[in-house]
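Please read the structure below before turning to the comments.
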Ligand SMILES: *Cc1c(COP(=O)(O)O)cnc(C)c1O
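Numbering (the working numbering), first residue to last: 255 to 608.
Here it is as structure tokens:
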């Protein structure tokens, strides 16, 4: 290849994002909802499809979708930005506020896409760390952001893949000392006892990001959003591609909001199952961390995690192998599934470890 035809050198050195999609019966690796979306939503969407004018471009501003989401959070549509999954929202944040000569701070171990997308946009990544219990050390975090002065600071709460939720005090302290935007990724927000959404009125630099992928049982629809100040939302709209949200997705999101009660019931069912999974893991030779999300991070005590992962696949169960991630040596992450999937997982894990 000519030098000009080669991939950007700074990207060629970095690894892409990998999450194996294997054909197994029990898929507990991607923190998806184990439940299909409500049947009433499927039917309403099918009905709506008949009225979509597919020969026309969709509403570029996705105004009615944004108004409907805003209503849920008590803000107007001008404070909501939607994307193709929250990953596109994060990408727009980094395109608008990161880039060459600017920095982003993440606290590892955390969601790999924060630093990955930052690098794709040419943003320099500065990594802070966490305490041994995987919570942030508020003092260390505030001194890091005061010193680095990043354009964007990422918190993930509850944090993927550790499951831990940060305290209001920690989020408030980081918000006060970070000069740029503070993005709180709340992909698992509905599982958590509190949300940074309540802090939005205190700062124009706070961005709370949510997704329909996990709690709304809609990972295939690819829809996520940010709640932020009007100024931040205007900047995100500036970098998003025209018509990035297709008409079908806009309808899907708007109609989903009519089924909030069902979504909450599913969240409660998963929280109950999470308790049973925690109890089951407590009886096995593994270390585990408390979770406020729909997954549990655990570490087999006397066995190599990668070989346990392979043994589980051989038993038709897929979990996430986090053992090669910095700070997560020996760890695996299991998504809370249906009661029968969780049983199958615990049985398989017991078989592997005995
Ligand atoms: C799953 C997940 C997302 C979701 O990404 P989508 O693009 O909305 O599917 C975002 N952030 C975190 C921390 C996640 O775990």
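Backbone N, C-alpha and C fix where the C-beta goes; we use that ideal spot for every residue, glycine too.
In this text, all values refer to a predicted model and were calculated from it rather than measured experimentally.
Quiz item: Measuring CA to CA, which of 293, 262, 347 and 261 is closest to residue 488?
Solution: Within the chain shown, the letter at position 234 stands for residue 488. Taking residue 488 as reference, the option from 293, 262, 347 and 261 with the minimal CA-CA separation is 347.
Quiz item: Comparing the CB of residue 441 with every heavy atom of ligand 1, is any distance shorter than 6 angstroms?
Solution: In the chain shown, counting from the first residue as 1, residue 441 sits at position 187. Relative to ligand 1, residue 441 has its C-beta within less than 6 angstroms of a heavy atom.
Quiz item: Looking at C-beta atoms only, is the number of pairs between the segment 443-451 and the segment 400-419 that lie closer than 8 angstroms three or more?
Solution: Short answer: they touch.
Exercise. Apply the 10 Å Cβ neighbour rule to residue 261 and answer buried if 16 or more other Cβ atoms are within range, or exposed otherwise.
Key: Position 7 of the chain shown, counted from the start, is the residue given in the question as residue 261. Residue burial is scored here from C-beta neighbours: residue 261 has fewer than 16 other C-beta atoms within 10 angstroms and is therefore classed as exposed.
Quiz item: Quick one: Cα of residue 403 to Cα of residue 603, how far?
Solution: As a first step, residue 403 is located in the chain shown; it is residue number 149 there, counting from the start. As a first step, residue 603 is located in the chain shown; it is residue number 349 there, counting from the start. Cα to Cα, the separation comes out at about 45 angstroms.
Quiz prompt | Candidates 467, 406 and 387: closest to residue 363 by CA position | solution = Residue numbering aside, residue 363 sits at position 109 when the chain shown is read from its first letter. The shortest CA-to-CA distance from residue 363 to any of 467, 406 and 387 is the one to 387.
Exercise. Could you please give me the residues that DSSP links to residue 439 through a beta bridge?
Key: Position 185 of the chain shown, counted from the first residue, corresponds to residue 439. BP columns for residue 439 point to 410 and 463.
Quiz item: Say the cut is 6 angstroms; is the CB of residue 585 nearer than that to a heavy atom of ligand 1?
Solution: Taking the chain shown and counting its residues from 1, the one referred to as residue 585 is at position 331. No, since every heavy atom of ligand 1 falls outside the 6 angstroms radius drawn around the Cβ of residue 585.
Quiz item: What does a CB cutoff of less than 7 angstroms around residue 556 pick up in its chain, not counting 5 residues either side in sequence?
Solution: To locate residue 556, count along the chain shown from 1; it is residue 302. These residues qualify, in order along the chain: 539.
Quiz prompt | In DSSP terms, what residue 530 is bridged to | solution = Within the chain shown, the letter at position 276 stands for residue 530. DSSP output for residue 530 lists no bridge partner at all.
Quiz prompt | Continuous beta strand (DSSP E) stretch holding residue 357: start and end | solution = As a position in the chain shown, residue 357 is number 103, starting the count at 1. Its beta strand (DSSP E) spans residues 357-362.
Self-check item: Stretch-stretch touch, CB-based, cutoff 8 angstroms, three pairs: the segment 581-598 with the segment 540-555
Solution: Taking a contact to require three or more Cβ pairs closer than 8 angstroms, the segment 581-598 and the segment 540-555 qualify as touching.
Quiz item: Any idea what DSSP makes of residue 480, helix, strand or coil?
Solution: Translated into the one-based positions of the chain shown, residue 480 becomes position 226. Three-state DSSP puts residue 480 in a strand.
Quiz item: Is there at least one non-hydrogen atom of ligand 1 closer than 6 angstroms to the beta-carbon of residue 271?
Solution: As a position in the chain shown, residue 271 is number 17, starting the count at 1. No; taking the cut-off as 6 angstroms, the Cβ of residue 271 has no heavy atom of ligand 1 nearer than that.
Quiz item: So, helix, strand or coil for residue 379, using DSSP?
Solution: In the chain shown, residue 379 corresponds to position 125, counting from 1. Residue 379: strand per DSSP, three-state reduction.
Quiz item: To the nearest angstrom, how far is it from the Cα of residue 563 to the Cα of residue 579?
Solution: By 1-based counting over the chain shown, the position of residue 563 is 309. By 1-based counting over the chain shown, the position of residue 579 is 325. One Cα belongs to residue 563, the other to residue 579, and the distance between them is close to 14 angstroms.
Quiz item: First and last residue of the alpha helix (DSSP H) that includes residue 589?
Solution: Stepping through the chain shown from its first residue, residue 589 is reached at position 335. Where residue 589 is concerned, there is no enclosing alpha helix (DSSP H), although the beta strand (DSSP E) it sits in stretches over 586-589.
Self-check item: residue 550 in three-state terms, based on DSSP
Solution: Against the chain shown, residue 550 aligns to sequence position 296. DSSP, reduced to helix, strand and coil, places residue 550 within a strand of the structure shown.
Practice problem: Please list, in chain order, all residues of the same chain as residue 410 whose beta carbon is under 6 angstroms from its beta carbon, the five residues on each side excluded. | Solution: For the purposes of this step, residue 410 is taken as residue 156 along the chain shown, with counting starting at 1. Cβ-Cβ distances below 6 angstroms link residue 410 to 364, 365 and 439 in the same chain, with the five nearest sequence neighbours on each side left out; the list follows chain order.
Exercise. Give me whichever residues DSSP pairs with residue 281 in a beta bridge.
Key: Your numbering for residue 281 matches position 27 in the chain shown. In the DSSP output, where bridge partners are listed per residue, residue 281 has 572.
Exercise. Confirm the yes/no value for this check: CB of residue 576, any heavy atom of ligand 1, distance under 6 angstroms.
Key: In the chain shown, the residue the question calls residue 576 occupies position 322. No, since every heavy atom of ligand 1 falls outside the 6 angstroms radius drawn around the Cβ of residue 576.
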